[in-house]
Every structure is written in structure tokens, then in C-alpha cells.
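Chains as they are written, first to last, in the numbering used here: chain P, 1 to 223; chain A, 1001 to 1343.
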């Protein structure tokens, strides 16, 4: 397996930020009450991770060991501030919905975690790929959890897509069930915990199945 | 020859005997409920019980546990019954199914089954539907004494399966006494003005206060048979009365009277049947007093300053959470053990 495949596999599945490392849970649990909210925060986090991994990797040989963490934090804070300003300029409504969780990306442990564990020890190419894949893994979990909670809680999908994709997306809202009374608890905070727990359980179940198949294959007599 | 081990005096109680006593103690109150409000409550109880037993059997099969000892211990029946008594009458089938599903699966079996659940399963189910379906969970029916009629058995079944005609509900539904208190106090009415409403009887609401008496009688039966100990009900009622009396003496025209608190909502049922759940309650004698008092206090706080009219379910769940801590700090001294010396 090439190095890049390992990075991709780690980011999306094996070492997934949300499902395995369990990092960044505060925004993950708080904003995933709809698919679009989850996607919005996921994109912002993805952009932050790619940029921070790239910049940290670039300066990794210039920074002394003793002061590396303050430097990383400064870099991440600059990026998050920029993203916040960009969102205020072009996605103002979504910025209002996500609120405090955009500036709080700076405290998302996965970002400084990747900077320290990967970007500060690897060249720019792999570091950027790692940031992208870790961010994508986080984004996918946010999107799935947001969709799940929105579908169960309100019976819709992609409501308010225009916040992210502009006026053209106003008709994107899917109504899954007609006359759905709503299951409010899925949209409220308890639903976030139930949903994430189910996703983690699902991932573990799939892995167990795979491990079982692999064991069975290994145990089968070779022909 | 078999070996003998201590203790040589074995208690005659067992899980299913205890649970059966609880079921027996619930019967008079449930019948009184049906008498004042119509047979809809019986439909709730029967449907919830059948569903709970079916779910219990299904989960036991999934977990590869023997069916007979677990199904025969009546605990699923008690959970279903308490849940059915907590929700409004004529609730649709899917509301009951959601509540019972959460109670049995998430509240009980995910933790490892009866004896391992940290929270009261019936209250888990109730709180889930209370938060998830606010509209259905605030549609309460008035007692027959006020409307002159209640829905019969056939109508109740029709509403259970969503086939009834909701147009006639306006004549039959009303706010519960606690709801009415809450909204009226919000409109700056005084207690004496509020009590002019035909909803109110001598202590609590018409109908409700008499059902509360029957829960009390069922509770006395539980005490006399040794199914529950006196600590939790006494501490819970005592602390509610104490704090309610304090605020009532300060402002008798702006706060509900202590007796109203005692005879309203889920207080009586909670004190004798819900808070005393042997699995989730504190187990040391002093711990039981602390646990009961904590629930009574929380009920008053949630009713007076929270966003829900009644707080028994939330109070019980919060106290369940505190149970390990309470038990830890109230361990009785073993006979002969000296108090630890302070350094």
C-alpha cells in the first residue's frame, strides 16, 4: 500500500476524526441538527484543516521545538479568522445559523492534533492530503449525522440549502414523509448523542464483520 | 448432604413477588382513573403492557437469554403500566410504541437488563415522548364530572389507532390543574381567582385528587407488605411539603398551596411507585432519605420555575443520576467498625 493510500484510509475510515478519535465533538453534536448545518461546518473545518496542515508543514523546519505549539495555534487562529470573515462576506445567513461554532473551530482538537502529529513531521504534499482526508472524514460524519437527525426529527432533507448554495438551491428541500408530525427529540441535543452513538456502533459492527470475513478467509485451506 | 450457608433466615420475597405486589397496588388507582376519566386509561395500560412484553421477549431472544424467568418477573408489566398511567389518555399507538420502545430497549436492555439500568425505564420512555411529541403530550382530557361524558371503550380503541374524529376533542379536553395554574399565574391572577375555575376540587384538581388518594392507599399496601420501605415516600412528600409551605407562607396569594402540590400531577404515584424502584433508587437507609428529599425538592423547583408544568419524571431521573454518589456517602458503619480518625 502506498503512503497516500494509507493517508486516505486513515482519514476517511480507520482513524476518522469523529468516529475513532472522537475529537471535535462539541461542534459535531451542537450543529448537526440539519444536513445543511452539518455540511456548512464540515466545509469550514475541512478548509481549516487543509490550510493549517499545509502552512504548518511549510514552517516545520523554521520553528524551534520549544515554541512550536504557540506557532501552530497562531497559524490556526489566523486561518479560522479568515474563514470567519469569508463566511460573513458570502454566506452571512449560514454564518448566523452556525454562530459561535465558526470561531470555535480554532479549539477543535483535531486541527492542532493533525498539525502536531502529522504536518510538523511530513513534507507539504502528504500534509495537505492528510488535512483534506481528515477534514473529509469529519465532514462526512457531520453530513450523515445531520441528515439522520433532520430526516427523523423533521421528515425533511436539505432544508434551507439556499444558505449554502445560493438562491438556486431553494427548491432542494426534500420532504420524506407527508403529514409527518416530527420527532422533536432527534433535533434536540439528546438526538445528537443517540445519533453519534449509533454511527460509532455501526462502524464497529462493520469492522467486526470485515475482521470476521478476513479471519474466515485466512483460516480456509489454500488451494 | 447439602452444605448450609448463612443467612439461615431467607426472605420470602423475590423479584416477581415484589413486582406482583406493585401491580396489585396499582389496580385500585387505575380503576379510579377509569371511573373518573373513562376507560381510555385501560386501553393505554393493556396496549402498553402487551407491547412491552412482546419487546422484552424480542430483546431477550436477540440477547440469547432464557425467556421464562425474565418474562415471568412482571418487571416489564410494571414499567408499561407506570408509563401508560403517565401519558395522556387516548394517545395514538405510535406514541405509546415510541415510549415503550425507548423504555425497554434504551432504558433497560442496552444497559444489561433489569438490575443494571441506572435510570427508571418507565420515566425514560415518558420523558422521551414528552420532549418528542409536545402537542400530543399536552392534550389532556377533563374528568367526566366536568364534561358530563367520556369516551367509551370503542371510541378509545379508535383513537388509539388514529381512526377517531379529533373534531369532538375540544368539548372533552382541558388543561390539567397544574397547567392551568401555570398559565394563570403567568397572567398575574391570584390563587383565589385561579381556584374559581371548575377544574379545582378540595385539594388538587377534580378527579385527580381522588386518584391520588387511591395511589396513596396502594402505597400503604406496598408498605404493609414490605415491598417498599417508608424512607423514600416520606422524605419525598416531606421535602415537597416543607418547601411548598415555606413559599406559601411568604406569598399565599401567588404560590400554590402545599396540599395542591401534594395532590397534583404525578406526585403521589411518583412517591410510592416510581421513586421507590429498587434498582434505580438509593439503597442505604440514610441514602433513601436524601434521595427522596432530593426528588421532592426538584419537583417543586421544576414545577415553579422550570418550563414544564410537572417535574416528577425529570426529578426522578436526576435523582437516579445522583444515586451512586448518595450511596457512596451514606454507607452505614459496619458493626464494630471504628470511625476513621481524622489526620
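Even glycine gets a Cβ: it sits at the ideal position worked out from N, Cα and C.
The structure displayed is predicted, hence computed values, not measured ones.
Measure the alpha-carbon distance for residue i versus residue j and round it to whole angstroms.
i: residue 1329/A; j: residue 1284/A; result: 10 angstroms
i: residue 1066/A; j: residue 1060/A; result: 7 angstroms
i: residue 167/P; j: residue 149/P; result: 24 angstroms
i: residue 1270/A; j: residue 1212/A; result: 10 angstroms
i: residue 125/P; j: residue 1307/A; result: 54 angstroms
i: residue 1186/A; j: residue 1179/A; result: 11 angstroms
i: residue 1001/A; j: residue 1017/A; result: Note on residue 1001/A: pLDDT 47, under 50, position unreliable in the model; the coordinate value appears next. Distance between the alpha carbons of residue 1001/A and residue 1017/A: 30 angstroms.
i: residue 17/P; j: residue 108/P; result: 10 angstroms
i: residue 1047/A; j: residue 90/P; result: 54 angstroms
i: residue 1202/A; j: residue 1218/A; result: 21 angstroms
i: residue 163/P; j: residue 171/P; result: 12 angstroms
i: residue 189/P; j: residue 213/P; result: 37 angstroms
i: residue 1049/A; j: residue 158/P; result: 39 angstroms
i: residue 1123/A; j: residue 1314/A; result: 8 angstroms
i: residue 1134/A; j: residue 1183/A; result: 16 angstroms
i: residue 1068/A; j: residue 1074/A; result: 11 angstroms
i: residue 2/P; j: residue 92/P; result: 42 angstroms
i: residue 103/P; j: residue 192/P; result: 21 angstroms
i: residue 1225/A; j: residue 1023/A; result: 13 angstroms
Under 8 angstroms, do residue i and residue j count as touching if we go by C-beta distance?
i: residue 1141/A; j: residue 1093/A; result: no
i: residue 173/P; j: residue 19/P; result: no
i: residue 1292/A; j: residue 1234/A; result: yes
i: residue 1144/A; j: residue 1036/A; result: yes
i: residue 132/P; j: residue 50/P; result: yes
i: residue 1021/A; j: residue 1173/A; result: no
i: residue 79/P; j: residue 120/P; result: no
i: residue 105/P; j: residue 156/P; result: no
i: residue 1097/A; j: residue 1045/A; result: no
i: residue 71/P; j: residue 112/P; result: no
i: residue 22/P; j: residue 142/P; result: no
i: residue 951/A; j: residue 1312/A; result: Here chain A covers residues 1001 to 1343 and nothing more, so residue 951/A does not appear.
i: residue 1052/A; j: residue 1076/A; result: yes
i: residue 1273/A; j: residue 1026/A; result: yes
i: residue 1248/A; j: residue 1239/A; result: no
i: residue 1115/A; j: residue 1279/A; result: yes
i: residue 1125/A; j: residue 1152/A; result: no
i: residue 24/P; j: residue 136/P; result: no
Considering only C-alpha positions, which residue in the set the options is nearest to residue i?
i: residue 177/P; options: 187/P, 151/P and 195/P; result: 151/P
i: residue 1130/A; options: 34/P, 185/P and 10/P; result: 185/P
i: residue 140/P; options: 6/P, 5/P, 13/P and 187/P; result: 13/P
i: residue 1331/A; options: 1137/A, 1058/A and 1287/A; result: 1287/A
i: residue 1118/A; options: 1108/A, 1024/A, 1125/A and 1126/A; result: 1108/A
i: residue 86/P; options: 40/P, 66/P and 205/P; result: 40/P
i: residue 1318/A; options: 1339/A, 1100/A, 1333/A and 1281/A; result: 1281/A
i: residue 1079/A; options: 1238/A, 1195/A, 1337/A and 1019/A; result: 1019/A
i: residue 1127/A; options: 1101/A, 1114/A, 1116/A and 1150/A; result: 1101/A
i: residue 985/A; options: 1253/A, 1320/A and 1191/A; result: Outside the modelled stretch of chain A, which goes from 1001 to 1343, sits residue 985/A, for which no answer is possible.
i: residue 1014/A; options: 1050/A, 1208/A, 1072/A and 1267/A; result: 1072/A
i: residue 1265/A; options: 1049/A, 1033/A, 1125/A and 1246/A; result: 1033/A
i: residue 1113/A; options: 1229/A, 1303/A and 1058/A; result: 1058/A
i: residue 76/P; options: 66/P, 99/P, 114/P and 94/P; result: 114/P
i: residue 26/P; options: 210/P, 220/P, 134/P and 110/P; result: 110/P
i: residue 1091/A; options: 1192/A, 1245/A, 1138/A and 1208/A; result: 1138/A
i: residue 1181/A; options: 1110/A, 1031/A and 1303/A; result: 1303/A
Residue i and residue j look like a contact to me (Cβ under 8 angstroms); what is the Cβ gap, rounded to whole Å?
i: residue 1241/A; j: residue 1223/A; result: With 8 angstroms as the limit, residue 1241/A and residue 1223/A do not qualify as a contact, their Cβ atoms being about 18 angstroms apart.
i: residue 45/P; j: residue 38/P; result: Not quite, the Cβ-Cβ distance comes to about 10 angstroms (not below 8 angstroms), so this is no contact.
i: residue 146/P; j: residue 35/P; result: 4 angstroms
i: residue 1146/A; j: residue 1198/A; result: 6 angstroms
i: residue 1290/A; j: residue 1326/A; result: 5 angstroms
i: residue 42/P; j: residue 101/P; result: That pair is no contact at about 11 angstroms.
i: residue 1297/A; j: residue 1243/A; result: 6 angstroms
i: residue 1177/A; j: residue 1148/A; result: Residue 1177/A to residue 1148/A, Cβ: 19 angstroms. No contact.
i: residue 1040/A; j: residue 1104/A; result: Not a contact, Cβ separation roughly 22 angstroms.
i: residue 153/P; j: residue 182/P; result: 6 angstroms
i: residue 1175/A; j: residue 1236/A; result: Not really, about 25 angstroms apart at Cβ, beyond 8 angstroms.
i: residue 129/P; j: residue 7/P; result: 5 angstroms
i: residue 161/P; j: residue 57/P; result: Their Cβ separation, rounded to whole angstroms, is 35 angstroms, which puts residue 161/P and residue 57/P out of contact at 8 angstroms.
i: residue 1210/A; j: residue 1028/A; result: Not a contact, Cβ separation roughly 11 angstroms.
i: residue 1056/A; j: residue 1095/A; result: Incorrect: roughly 19 angstroms between the Cβ atoms, too far for contact.
i: residue 1150/A; j: residue 1038/A; result: 3 angstroms
For residue i, decide whether its Cβ has a neighbour in chain C, counting only Cβ atoms nearer than 8 angstroms.
i: residue 1305/A; result: Among the protein chains of the structure shown, namely P and A, there is no chain C.
Practice problem: Below 7 angstroms between beta carbons is the criterion; list the residues of the region 182–201 of chain P that meet it against any residue of chain A, in chain order. | Solution: 183, 184, 185 and 188
Quiz item: According to a CB-to-CB cut-off of less than 7 angstroms, which residues of the region 1298–1315 of chain A neighbour chain P?
Solution: none
Quiz prompt | Positions along the region 1113–1134 of chain A whose CB lies within less than 8 angstroms of some CB in chain P | solution = 1128, 1131, 1132, 1133 and 1134
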